[in-house]
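Here's the structure, in structure tokens; my notes come after.
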Amino acid sequence: MQREMERTGKVVVEKVGGKSTVTRCFSKYPLKFIVPSKVGPCKIDSVWIYSLTYGGGIVSGDSISCEFEIGDGCTTVFTTQASTKVYKSVGSKCSAQFLEVTVGSNALLAILPDPVTCFSTARYSQKQVFRVLLDSNLVIVDWFTSGRHESGEKWDFDLYKSTNNIFLDDNQPLFLDTVLLEQQSISPINERMRDYQVIAMIILLGPKLKHIQIEVQENVKRMMSEQLHMPFSGINGRAQSNSRHFTKPPFLASCSVFGPKGIGVIVRVAAMTTESVYKFLQHQLAGMEPLIGVLPYH
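Counting from 1, one number per residue, gives the positions in the sequence shown under UniProt numbering.
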């Protein structure tokens with residue numbers, strides 16, 4: 001863990017008078033936290049924290065390091081006000097974000113950001129480390145786009161790296177994952193990604209999210225079954241299954257379980273439009289409304 005003086009931000013959420021309450025909130029340039037007094041119905045016990053950066057994005061060479069402590073029984077949502085923009089790199093400087101989180105017993109933390117969008121030549125690396133208990137609850141949405149489409153940029157950044165590690169309280173690894181896209185490789189990123197413009201990962205962990213995990217697995221299985229096994233209709237109107245007529249699906253998703261007794265579910269998505277991923281998140285995470293007060297991504 002980095003020393004206190006090096007941190008860019010820290011948030012502590014604890015139960016005060018029986019309610020989830022932000023008891024400490026610190027941030028410094030280029031980071032800022034906004035904590036609304038209340039989001040959603042008063043009867044729902046949850047706190048929301050919005051993260052933003054001065055200048056509307058992450059500048060080349062920026063290094064942001066945050067620590068979150070979510071106390072026992074607390075419910076917290078960490079989100080953004082817009083997509084995280086990573087500006088062009090100066091020389092070989094890499095912008096970096098580091099988040100270290102502890103989630104207490106029977107607590108819920110939902111990390112629901114908008115996507116990361118890297119500009120041309122940008123170099124960006126982020127790492128998120130979570131320490132949980134067997135009855136902790138965690139939702140992580142980690143996603144990024146190909147770049148600024150309106151400027152003709154598609155997969156033009158130099159480096160994107162995202163690491164998500166989840167450990168149990170005895171430091172036992174529960175989930176270790178890294179996504180890495182680098183331009184200096186066998187072929188340009190654009191060629192490897194083909195027509196897909198958005199990559200997303202959704203993690204659902206813990207007993208409070210069991211019903212959502214079951215629904216998501218069923219939904220993804222049904223969606224992919226319909227998309228990948230739908231017979232092709234030929235010119236004569238008859239169904240044909242010839243692989244030469246196979247059309248690349250605009251939206252792909254996979255789903256799998258992890259951890260002891262399948263306590264976690266991970267969903268991976270590749271899509272041709274950002275809007276389709278927003279709609280997917282809206283639909284799959286709708287069951288969280290009773291827990292956090294509002295529908296995610298609406």
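From the three backbone atoms N, C-alpha and C, an ideal C-beta is built for every residue, glycine too. Just so we're clear, the structure is a prediction, and the values are computed from it rather than from any experiment.
When secondary structure is reduced to three states using DSSP, residue 273 falls in the coil class, being assigned neither helix nor strand. Under the DSSP assignment, residue 164 falls in the beta strand (DSSP E) whose first and last residues are 159 to 168. Under the three-state reduction of DSSP, residue 130 is assigned to strand.
The C-alpha of residue 48 is placed about 28 Å away from the C-alpha of residue 271. Distance between residue 171 and residue 164, taken at the CA atoms: about 15 Å. With a cutoff of 9 Å on beta-carbon distance, residue 134 and residue 168 are scored as near each other.
Residue 209 and residue 156 have their C-alpha atoms some 37 Å from each other. The beta carbons of residue 51 and residue 80 sit closer together than 9 Å. Taking all protein chains in view, the Cβ of residue 62 is crowded by 16 or more other Cβ atoms within 10 Å, so the residue is classified as buried. In this structure, residue 253 sits near residue 267, with a CB-CB distance shorter than 9 Å. When rounded, the separation of the alpha-carbon atoms in residue 110 and residue 129 is 14 Å. Ranked by how close their Cα comes to the Cα of residue 42, the residues 291, 186, 297 and 296 have 291 in first place. Your pair residue 121 and residue 85 does not check out as a contact, with CB atoms roughly 14 Å apart and the cut at 8 Å. Residue 32 and residue 101 have their C-alpha atoms spaced approximately 18 Å apart. Beyond the five residues adjoining it in sequence on each side, residue 219 comes within less than 8 Å, by CB distance, of 283 and 284 in the same chain, given in chain order. Look at the segment 40 to 82 and you find no whole run of alpha helix (DSSP H) that is 4 residues long or longer. In the structure shown, residue 105 falls within a coil segment according to DSSP collapsed to helix, strand and coil.
Look at residue 220 here: in three-state DSSP terms it is helix. In the DSSP assignment, the residues bridged to residue 137 are 108. As DSSP reads the structure, residue 123 sits in a beta bridge with 159.
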